Amino acid sequence: MNDFRPHRMKWTPERWKRADALVEALLDLDADARTAYLDAHCTDAGLRADVEALLAQEPEARTLFQQDVRHFALPLVPDAPEAALPYEQIGPYRLVEAIGRGGMGTVYRAERADGAFEQQVAIKIVHQYLSADTLRRFHAERHILARLQHPSIARLLDGGQTSDDRPFFVLEYVDGQPITTYAERQGLSVDDRLNLFIQVCEAVRYAHQNLVVHRDLKPSNILVTPEGRVKLLDFGIAKLLDEGEVLPMTAPLTQEGSRWLTPDYASPEQVKGEAITTASDVYQLGVLLYELLTGRRPYQLPERLRHEAARIILETQPERPSTAVTKVQTGTPTTTALDPTRLRRRLQGDLDVMVLTALRKEPTRRYASAEALALDLQRHLDGLPVQARPDSLGYRARKFVQRNRLGVGVAAVILLAALGAAGAILDQSRQVRDERDRAEAALAFMNELFKSANPEHGVEDETNRTDVTVREALQLASNRVQRELGDQPMVQTTVAGMVARNLYGLGDSTAADAIAYWGDLTDQHADPFSKDARGALIFRSHLLRNAGDYAAAESLMAMVIDRAERSADATVGELASAYNDMAGIYFYQGRPAEDRFRYYRKAIALYRTDSTYAGDVATISANMADALPHDAPEKEALVRETIAIWERIRPADHPDIALGYYHLARVEMAKGDTALGLAYSARNVAMNDAAYGADNNTALFFKRRHADLLYSNGRRAESVPIFRDILSQQQQAEVPDLTEIASTMQSLAKALPQTPAGDAERLDLFASASALFRDAKGPNDYRVAVPLVSAANTLHRLGRNAEAVAATDRAMAILPHTLGPEHDLLLFTRFRRATALLGDGQRAVGQAELTDVCDTFARLERTDQVAMCEEAQAEYAD
Amino acid sequence: MPATPDVTQLLLDIPDDRDAAYEALLPLVYDELHRIARIQLHRGSAGDTLNATALVHEVYLRLVDQTRAQWNDRAHFYAVAAKAMRRILIDYARRQKAQKRGGNQPNVTLEEGLGRVDPWARADELLSLDAALTQLATLDARLAQVIECRFFGDMQQDEIAEVLGCSVRTVRRSETKARLLLQDLMSG
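Read top to bottom, the protein sequences are chains A and B.
Reminder that position 265 of the first sequence reads as 666 in this note's numbering, one-by-one numbering, no gaps.
Reminder that position 85 of the second sequence reads as 141 in this note's numbering, one-by-one numbering, no gaps.
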């Protein structure tokens, strides 16, 4: 970009003022309406031309100033020299070095300057200035804190103000490691960890007894000395500083514009800016226990989206610790010492319940005190029954209803109808022998009700209000069924299944709990070959699949298939959909198409036996078409069959038909008919825009595919502004879809020109895409690695081979978690690493890697890659 | 480092003489922001990366007496900080270009560890944006301030509305129009 030089003064303040009035109105109008408006309101042809030119720049304009300012600041602002100590001496203490820095202050190691004692201390100097009044209260509180004398609490020795009136604290100097780090490095067992944690509870109990709340318990404030003694830092300091009402932790998150810096350990009441009590410390102890036992925090909070983080903390249930440990990837620091399978069994039951009790949203429903938590843990260690009770689904349903106040009119009528019908039938069911049939009848009724609230079942124009009310009805009815049918576990199981299926269908955040509850009931009460047991397995498998645990999802689905194939009551629909699900899991695992096709063919053969499954035949045809390369002879027939079925059974402009045209576009492109292909693709985009609205995520998804097609067909320059437009719309979405944003970044990065500016932006985009995938999918998902490999390609092309090697190293730390050793992507990454090593002059190791990868490609008969290898080997020969 | 309790007073004075108060605040904020930026910008660790928001917030905590300041004072403070941030970055960008002419061009490693960025290209881009923004301010000061707050101050739209005394919708519209004009000015 060149220096900015206006070449003519098109705009003056007066002229802009006139234009502004027009622009203000035009922004709300579409192209035709704009023309009409200008015809009616603008007689100055010159002004009109300038206004039209201005508005024509909307796509490019949106990208201006969209980057984080850090994008500029990082390369421009030079690194500072080591921060000098701000004071040489404070009171009788001489500062030695800075040892920590946090939101509220900087901590220095210091020693007594007068040599009176051989004493090391930690001095925390606060970043803020306090008024005289606040300072007085501050001094009073400080004396209370100084009285806390407990072997597990780092003592507050002294305090005061610096020469320039900043408050400081002198604390006992603790040489230790954060408790989570310590537990890991020492390889502590679960029992050892619990004993250590009980020490923490004991210190917190002591402080609470002395009316001091910590409010900022987290691993960096809880150290363990080399002797294994727990030391809590910063007791009550958060409260002291909060007098000034500035502490980021306690600034209400929901208040617009407030800054909130450390969400991971924040309790719901802290997030909401409500009163902080000892119960908040109990909650933070729960978070700590969760992390100590599983290596994960209860919630995976997105870094950049603080309202989303608040919503997660306030509204979602954490996974049980025993489930969480199955998802921790090996190599996560805190858990390498413990074997996941054994750990899962160890946590199931008592420990799950105790941790979740400490983490409850409502302060009054947690353990009443740190002591109660410690006592319960001790009972568990001693093999005694614990006090905590699992949170019931019924309880959560009541809370849900309280949160979502009932509507009026139609919505309320539906609710009453649901309750009445379920209740009446259930009343009868208690008096007759075949209660099972009765309950089924109630469920059938309610299932109908819920289908109408779930857009996937075809009714598109239900209002949100009705949707919410149906959830309420569902949960209330299930509540009643559970209460009244507690002595009839089979009926309860069936109802639980109905609730779980529907919550899952509604995408409700409590679906996972409902499915787990249903699964527990079927495990206890149902014959493993029964429909109920199979149904619960199917949904458990779906949950695992959605969470990315494909191996576990696969093994459950294999059980479903095995049992359904051997059960007389399995329907065509159930078995075929299990086959289709299995193929879907294979898809996510990146298995070869042949494996998937085995199951697709079984599914489609079954579905074809019954014409009511025409839609499913179409879906599977589409899935198969999806799996085939675009030039496969079978593909076009599959796609055309799909479209034909859907045009017969779906309303016009239905997204499924649109999807068919997208596939057709790809087929035509593969056949070489670019014009027809792009026309089909444009048709897909138009249909999706019509069905969803242009700023909808799905519509944007296909717009990106369209731009991808433009790009891959030599219309690179055209694709760039479309990608930018999509990206900016995705970023402005109410709930941004991180995965899609990252994918668009990747597409845009690839489409940028190979100029210095293009390459710089490209590398930035790849880095951002990788970070977003990490936020969205976890650190070990293969998608995190893909942009790294792309970046390595760019870096290699630019001759920056050392960086390319580093990027491939990072990718190789990720890929083997989810991909087999012969996956194309993994092999390509190794190939790129080999060439980068060679480019970097590391001949021996590069040559060995290249030979190894290329031999593998040759063995697997991957023709294209073998050709790529030969080229590389020729380039780096000698 | 001297105590600067007068920052709070200056903020409290804003309703009376806004421009004068802004002018008086700017150098104070500039110095502190600059100092902290140099120390912290490159020091972010995984859990505690410092972004523009956190940076400004830290400066705010240091300079303002919380017991006297109100919420809208804070919004005003952020607006001043945005201006300070702009000046800081522009100063660096100019220096960068001067160094380039002098043939001394340092490479800076990005935190992602992925690559090196040519600081000179960034400097150039930033100076272009800054010049266009200055030009925009002569046409419509409010539009320019919205962009300044949004970009250099990393402010939310509701905070900007507070500073400008207008609705959030107006801020949103202003942002759209400002981008259009900037694009026009830069390509014109």
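The beta-carbon is built from N, C-alpha and C at its ideal position, and this holds for glycine as well.
Keep in mind that this is a model prediction, so the values were computed, not measured.
Close-in-space but distant-in-sequence residues of the same chain around residue i (CB under 6 Å, 5 per side omitted)
i, result
"A/S942", "A954, L957 and M958"
"A/D1057", "W1047 and R1051"
"A/A1023", "T1043"
"A/D607", "Going by the sequence as given, residue 607 of chain A is Tyr instead of Asp. Contacts found: H551."
"A/R556", "E573"
"A/E772", "R606"
"A/A1053", "none"
Chain-ordered chain B contacts of residue i [CB-CB under 9 Å]
i, result
"A/V522", "Within chain B, no residue comes near A/V522; the closest Cβ sits about 22 Å away, beyond 9 Å."
Candidates the options: closest to residue i by CA position
i, options, result
"A/A1033", "A/T1010, A/D996, A/T1020 and A/L1065", "A/L1065"
"A/R1116", "A/A1087, A/V1136, A/L1153 and A/E1135", "A/L1153"
"A/N596", "A/G1247, A/L778, A/T972 and A/Y980", "A/L778"
"A/S1191", "A/T724, A/D1210 and A/Q521", "A/D1210"
"A/D1109", "A/E1135, A/N1097, A/M1070 and A/D1090", "A/M1070"
"A/L1139", "A/D1160, A/A1118, A/S1171 and A/R1163", "A/S1171"
"A/L689", "A/T894, A/D1160, A/Q610 and A/T581", "A/T581"
"A/Q701", "A/A680, A/S681, A/S723 and A/P664", "A/P664"
"A/P1222", "A/L634, A/R1163, A/Q990 and A/D963", "A/Q990"
"A/G447", "A/R419, A/T1252 and A/L1196", "A/R419"
"A/E975", "A/A948, A/I939 and A/F988", "A/I939"
"A/N622", "A/A927, A/Y583 and A/Q610", "A/Y583"
"A/P764", "A/V672, A/R698 and A/L785", "A/V672"
"A/A1214", "A/V1018, A/A984 and A/V1185", "A/V1185"
Residue interval of the beta strand (DSSP E) (run including residue i)
i, result
"A/L612", "That residue, A/L612, is in no beta strand (DSSP E); it is neither H nor E in DSSP."
"A/K762", "That residue, A/K762, is in no beta strand (DSSP E); it is neither H nor E in DSSP."
"A/G561", "L557 to Q562"
"A/E573", "P568 to E573"
For residue i, the first and last residue of its enclosing alpha helix (DSSP H)
i, result
"A/K525", "No alpha helix (DSSP H) holds A/K525; the beta strand (DSSP E) holding it covers Q521 to V527."
"A/L430", "Looking at the DSSP string, A/L430 is not in any alpha helix (DSSP H), and its letter there is neither H nor E."
"A/L1153", "A/L1153 -> no alpha helix (DSSP H), and no H or E assigned at all."
"B/K233", "V224 to S243"
"B/F207", "No alpha helix (DSSP H) contains B/F207, which DSSP labels as neither H nor E."
"A/L1227", "D1225 to G1240"
"A/K1036", "P1034 to I1050"
"A/V1187", "Y1183 to R1198"
"A/K673", "P669 to K673"
"A/I623", "Where A/I623 is concerned, there is no enclosing alpha helix (DSSP H), although the beta strand (DSSP E) it sits in stretches over I623 to V625."
Cβ pair residue i, residue j closer than 8 Å
i, j, result
"A/F636", "A/L546", "yes"
"A/R745", "A/T717", "no"
"A/V973", "A/L1007", "yes"
"A/A1193", "A/A1237", "yes"
"B/A187", "B/A193", "no"
"A/E692", "A/P620", "yes"
"A/V605", "A/H615", "yes"
"A/A1083", "A/H1055", "no"
"A/N613", "A/L694", "A small fix is needed here, since residue 613 of chain A is Val in this sequence, not Asn. Contact: no."
Cross-chain neighbours of residue i in chain A, by beta carbon under 7 Å
i, result
"B/Q239", "Q458, E461, A462 and L465"
Contacts that residue i makes with chain A (C-beta to C-beta distance below 8 Å)
i, result
"B/T226", "Going along chain A, no residue has its Cβ under 8 Å from B/T226, so there is no contact; the nearest lies around 10 Å."
"B/L89", "Residues of chain A passing the Cβ test: none, with the nearest at roughly 11 Å."
"B/R229", "E425 and L428"
Contact list for residue i against chain B, beta-carbon separation under 8 Å
i, result
"A/W412", "L195, L237, D240 and L241"
"A/L424", "First, the amino acid is wrong: residue 424 of chain A is Val here, not Leu. Ordered by position in chain B, the residues that pass the 8 Å Cβ test against A/V424 are K233 and L236."
"A/W417", "L195, D196 and L237"
Own chain partners of residue i with C-beta closer than 8 Å, once the 5 adjacent residues on each side are dropped
i, result
"A/L427", "R435, Y438, L439, V452 and L456"
"A/V1267", "C1255, F1258 and A1259"
Cβ neighbours of residue i in the same chain (closer than 7 Å, five flanking residues each side left out)
i, result
"A/T1145", "R1105, F1124, I1127, L1128 and Q1131"
"A/R510", "V497, E498, I500, Q521, A523 and Y574"
"A/H442", "L423"
"A/G920", "A937 and R941"
"A/P1068", "Pro is not the amino acid found at residue 1068 of chain A; the sequence shown has Val there. Answer for A/V1068: H1031, K1036, E1037 and V1040, listed in chain order."
"B/V219", "A131, H132, A135 and C205"
Residue i Cβ short of 7 Å to the ligand MG heavy atom set
i, result
"A/L546", "The ligand MG is absent from the structure shown, which contains no ligands of any kind."
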